[in-house]
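Visitor: Following this message is one structure expressed as structure tokens.
Residue numbers (this note's numbering): 13 to 383.
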């Protein structure tokens with residue numbers, strides 16, 4: 013097993029390299045990059061994700077990127093590969109390229125990025141005047157809170173529900189719960205959030221829960237018990253939103269896995285030996301049926317942490333990793349974008365290895381090293 017773990021750890025290196033390389037190349041051809049963003053700000057415009065100028069915004073980045081001056085040296089006809097650069101001094105464009113690191117060849121920039129990422133040095137954000145690692149560490153508690161609590165509730169609801177549906181397959185309980193699962197799977201998560209806000213957060217009916225934030229403004233002045241209560245109080249609505257939108261698929265996976273195992277020959281043999289229904293279901297069927305559930309755990313956890321809670325973070329004003337990555341993509345903040353990609357990919361690969369180890373723990377017959 014140790015040899016298998018070592019091989020999997022070594023495979024992380026080329027996998028990360030390939031993912032970073034593909035995304036790095038694709039991003040180079042995406043319109044509306046950092047230089048174009050700054051050019052638009054200089055001219056008082058904004059650039060949309062497609063690289064088009066959308067109008068006068070007068071917004072500022074609030075970061076360390078300085079705003080250069082317009083040229084008065086008659087360079088209006090100088091061609092440029094950047095949209096909106098007409099009328100700007102070519103020297104100014106070169107200053108912007110140097111500031112963002114675009115004055116170096118592609119391969120040099122990619123190799124430097126790899127070397128920095130090996131040391132977990134993600135540099136500084138283009139537009140936030142902050143170290144990227146500090147930004148990620150600042151947003152991580154929010155995403156971990158949403159992801160961990162949501163995953164815990166999803167698994168606590170889905171697995172017992174799936175088992176109960178499989179055992180009572182075809183009964184009224186199965187039909188009604190299937191209807192519930194289908195409805196929960198069909199309704200978008202943001203719609204659940206809006207309904208919960210309207211009903212329970214002072215929208216029109218009740219004001220039981222806070223509308224925004226992870227904690228209250230007076231959180232630091234509360235006692236330990238008060239801090240815990242306040243934190244859980246703020247978590248109720250966003251976690252409920254994610255749970256309602258996420259338990260349906262896992263419940264059906266669990267049901268189908270149990271149904272598949274219940275009809276296997278070894279189950280009939282176990283009954284023939286005199287084992288009780290409980291012993292058969294939870295001593296034999298459960299172990300085999302949980303393999304498919306374990307297989308989906310890493311991808312589900314990474315999705316919860318980095319992408320699955322984006323709309324929930326926006327609706328409930330929770331400043332987490334999902335919102336950070338979305339804003340970085342919209343503003344073409346490449347250091348934040350690639351750092352998020354690197355961290356999420358690395359976590360996914362490590363969690364996939366952990367899920368394989370869980371396979372062997374659940375079913376000792378599985379031997380990855382022999383394969």
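All C-beta atoms in this analysis are idealised placements derived from N, C-alpha and C, irrespective of residue type, glycine included.
(1) Sorted by chain position, which residues of the same chain lie with C-beta nearer than 7 Å to residue 135's C-beta, five sequence neighbours on each side aside?
(2) Checking the sheet assignment: what are the DSSP bridge partners for residue 219?
(3) Is residue 115 helix, strand or coil by DSSP?
(4) Spatial neighbours of residue 340 within its chain, please: CB distance less than 6 Å, with the 5 preceding and 5 following residues excluded, ordered by chain position.
(5) Do residue 250 and residue 324 have their CB atoms nearer than 8 Å?
(6) Pull up the DSSP beta-bridge partners for residue 136, would you.
(7) Between residue 1 and residue 162, which are expected to be in contact by the criterion C-beta below 8 Å, what is the C-beta distance as a whole number of angstroms?
(8) Mapping DSSP to helix, strand and coil, what is residue 332?
(9) DSSP three-state call for residue 78: helix, strand or coil?
(10) Ignore the nearest five residues each way along the sequence and tell me which others in residue 181's own chain have a CB closer than 7 Å to its CB.
(11) Going by alpha carbons, who is nearest to residue 219 out of 234, 287 and 246?
(12) Starting from residue 276, trace the alpha helix (DSSP H) in both directions and tell me its first and last residue.
(13) With a 10 Å radius around its C-beta and 16 neighbouring C-beta atoms as the bar for buried, classify residue 25 as buried or exposed.
(14) Could you check whether residue 20 and residue 365 sit closer than 8 Å to each other, using their CB atoms as the reference points?
(15) Could you tell me the alpha carbon to alpha carbon distance between residue 289 and residue 174, rounded to whole angstroms?
(16) Can you round the beta-carbon distance between residue 138 and residue 112 to whole angstroms, since I take them to be within the 8 Å contact cut?
(17) Can you tell me where the alpha helix (DSSP H) holding residue 36 begins and where it ends?
(18) Output needed for residue 27: all residues of its chain with C-beta closer than 7 Å, excluding positions within five of it in sequence on either side, in chain order.
(19) Does residue 268 come out as helix, strand or coil in the three-state DSSP assignment?
(20) Starting from the C-beta of residue 39, find all residues in its chain whose C-beta is less than 7 Å away, skip the five residues before and the five after it, and write them out in chain order.
(21) Could you check which residue in 167, 148 and 142 has the C-alpha nearest to that of residue 259?
(22) Just curious, the alpha helix (DSSP H) that residue 290 is in, first and last residue?
(23) Roughly how many angstroms lie between the CA atoms of residue 234 and residue 148, to the nearest whole one?
(24) Check each candidate in 35, 172, 328 and 29 and name the one with the smallest Cα separation from residue 206.
(25) Mapping DSSP to helix, strand and coil, what is residue 255?
(26) What are the boundary residues of the alpha helix (DSSP H) that includes residue 197?
(27) With a Cβ-Cβ cutoff of 8 Å, do residue 157 and residue 208 count as a contact?
(28) Within its chain, find whatever has a CB closer than 7 Å to the CB of residue 45; leave out the 5 residues flanking it on each side and keep chain order.
(29) Is the distance from the Cβ of residue 326 to the Cβ of residue 335 below 8 Å?
(30) Measure the C-alpha to C-alpha separation of residue 171 and residue 155 and round it to an integer number of angstroms.
(31) On the premise that residue 306 lies in contact with residue 178, defined as a C-beta separation below 8 Å, what is that separation, rounded to the nearest angstrom?
(32) To the nearest angstrom, report how far apart residue 130 and residue 371 are at their CA atoms.
(33) Under 8 Å between the Cβ atoms of residue 214 and residue 223?
Guide: Taking the geometry as given:
(1) Here residue 135 refers to the residue found at position 123 of the chain shown. Counting only Cβ-Cβ distances below 7 Å, and skipping sequence neighbours, we find 128, 144 and 347.
(2) Taking the first residue of the chain shown as position 1, residue 219 is located at position 207. Residue 219 is bridged to 213.
(3) Looking up residue 115 in the chain shown gives position 103. In the structure shown, residue 115 sits in coil (DSSP, three-state: anything other than H, G, I, E or B).
(4) Numbered from 1 along the chain shown, position 328 holds the residue referred to as residue 340. So the list reads 348 and 349, once near-sequence residues are dropped.
(5) Within the chain shown, numbered from 1, the residue matching residue 250 stands at position 238. Within the chain shown, numbered from 1, the residue matching residue 324 stands at position 312. In contact: residue 250 and residue 324 (Cβ atoms closer than 8 Å).
(6) Mapped onto the chain shown, residue 136 falls at position 124. Bridge partners of residue 136: 143.
(7) This structure does not reach residue 1, given that the chain is present from 13 up to 383, and the question cannot be answered.
(8) Here residue 332 refers to the residue found at position 320 of the chain shown. It is coil, neither helix nor strand.
(9) For the purposes of this step, residue 78 is taken as residue 66 along the chain shown, with counting starting at 1. Residue confidence for residue 78 is low, a pLDDT of 43 falling below 50, so the modelled location carries little weight; the figure read from the coordinates is stated next. In the structure shown, residue 78 sits in coil (DSSP, three-state: anything other than H, G, I, E or B).
(10) Against the chain shown, residue 181 aligns to sequence position 169. Only 271 meet the Cβ criterion.
(11) Taking the first residue of the chain shown as 1, we reach residue 219 at position 207. Comparing Cα-Cα distances from residue 219 to each of 234, 287 and 246, the minimum goes to 246.
(12) The residue you call residue 276 lines up with position 264 of the chain shown. Per DSSP, residue 276 belongs to no alpha helix (DSSP H) and is neither H nor E.
(13) Here the question's residue 25 lines up with position 13 in the chain shown. Counting the other CB atoms within 10 Å of its CB gives residue 25 a total below 16, which places it among the exposed residues.
(14) Stepping through the chain shown from its first residue, residue 365 is reached at position 353. Stepping through the chain shown from its first residue, residue 20 is reached at position 8. Yes. Within cutoff.
(15) By 1-based counting over the chain shown, the position of residue 289 is 277. By 1-based counting over the chain shown, the position of residue 174 is 162. Counting only the Cα atoms, residue 174 lies some 17 Å from residue 289.
(16) Numbered from 1 along the chain shown, position 126 holds the residue referred to as residue 138. Numbered from 1 along the chain shown, position 100 holds the residue referred to as residue 112. The pair is a contact, with the Cβ atoms about 6 Å apart (cut-off 8 Å).
(17) Mapped onto the chain shown, residue 36 falls at position 24. Here the alpha helix (DSSP H) through residue 36 covers 14 to 40.
(18) Here residue 27 is taken as the residue at index 15 of the chain shown, counted from 1. Hits under 7 Å: 361.
(19) Locating residue 268 in the chain shown gives position 256, where the first residue counts as 1. In the three-state reduction of the DSSP assignment, residue 268 falls in the helix class, which pools H, G and I.
(20) Here residue 39 is taken as the residue at index 27 of the chain shown, counted from 1. Excluding positions up to five away in sequence, the list reads 346.
(21) For this step, residue 259 is matched to residue 247 along the chain shown. When each option's Cα is compared against that of residue 259, the closest is 167.
(22) Numbered from 1 along the chain shown, position 278 holds the residue referred to as residue 290. Unbroken alpha helix (DSSP H) run through residue 290: 289 to 292.
(23) Residue mapping note: residue 234 aligns to position 222 of the chain shown, counting from 1. Residue mapping note: residue 148 aligns to position 136 of the chain shown, counting from 1. Answer to the nearest angstrom: the Cα atoms are 27 Å apart.
(24) Counting from one through the chain shown, the residue named residue 206 turns up at place 194. For residue 206, the closest C-alpha among the options 35, 172, 328 and 29 is that of 328.
(25) As a working note, residue 255 is residue 243 in the chain shown. Residue 255 carries a helical assignment under DSSP once its states are collapsed to helix, strand and coil.
(26) Here residue 197 refers to the residue found at position 185 when the chain shown is read from its first residue. First-last of the alpha helix (DSSP H) with residue 197: 184 to 198.
(27) To locate residue 157, count along the chain shown from 1; it is residue 145. To locate residue 208, count along the chain shown from 1; it is residue 196. The answer is no: Cβ separation not under 8 Å.
(28) As a first step, residue 45 is located in the chain shown; it is residue number 33 there, counting from the start. Around residue 45: 344.
(29) Reading the chain shown from its first residue, position 314 is the one you call residue 326. Reading the chain shown from its first residue, position 323 is the one you call residue 335. Yes.
(30) Within the chain shown, numbered from 1, the residue matching residue 171 stands at position 159. Within the chain shown, numbered from 1, the residue matching residue 155 stands at position 143. Approximately 23 Å, taken between the alpha carbons.
(31) The residue you call residue 178 lines up with position 166 of the chain shown. The residue you call residue 306 lines up with position 294 of the chain shown. Here residue 178 is actually not in contact with residue 306; their C-beta atoms are around 17 Å apart, not less than 8 Å.
(32) On the chain shown, position 118 is the one that residue 130 refers to. On the chain shown, position 359 is the one that residue 371 refers to. Straight-line Cα distance between these residues: approximately 30 Å.
(33) The residue labelled residue 214 in the question sits at position 202 within the chain shown. The residue labelled residue 223 in the question sits at position 211 within the chain shown. Cβ distance < 8 Å, so residue 214 and residue 223 count as in contact.
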